[in-house]
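To keep things clear, I will list the structure first and then write my remarks on it.
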Amino acid sequence: MSKKLKPLLPTLKGRKRYILFEVIADESLVAKDVAKAILQRANAMLGEIGMAKSEIKMLSDTWKDNKGVLCVDHRFVDEARSILMSVTQINGKRLTITTLRTSGVINKLKI
Numbered sequence: 048m049s050k051k052l053k054p055l056l057p058t059l060k061g062r063k064r065y066i067l068f069e070v071i072a073d074e075s076l077v078a079k080d081v082a083k084a085i086l087q088r089a090n091a092m093l094g095e096i097g098m099a100k101s102e103i104k105m106l107s108d109t110w111k112d113n114k115g116v117l118c119v120d121h122r123f124v125d126e127a128r129s130i131l132m133s134v135t136q137i138n139g140k141r142l143t144i145t146t147l148r149t150s151g152v153i154n155k156l157k158i
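First residue of the sequence shown? That's 48 in the numbering used here, and the numbers climb one at a time after it.
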């Protein structure tokens, strides 16, 4: 006889924010490389516990024309923006990442 777990109350669920960003570089980049660079930088700045609390991840299915979406907990939006700005190289290629928009609903970003 197994007991079913009760669903999590809405007040206990994390509130996500979606950050639309653009990578300004000379050539087009692969989403996998960008995600790896962002997560490495986040680990360096926040540490493992901070990364777990921030729930930071890049939504790879939204990558198009050097633009992507980063998903993060609502309390870590400022930290996520500073992480994006601090990424200056990917695979030896110099680049700049700028934040275009932040939203609580992914459909409002107009990717």
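We put the beta carbon where it would ideally sit given N, CA and C, even for glycine.
- Distances from the alpha-carbon of CYS118 to those of ASP125, MET105, TRP110 put MET105 closest.
- SER101 sits buried, since 16 or more C-beta atoms from the chains shown fall within 10 Å of its C-beta.
- Between GLU69 and LYS114, the gap from beta carbon to beta carbon is short of 8 Å.
- Around the CB of ILE71, fewer than 16 other CB atoms lie within 10 Å, so the residue is classed as exposed.
- Taking every protein chain shown into account, the CB of LEU67 has 16 or more other CB atoms within 10 angstroms, so this residue is buried.
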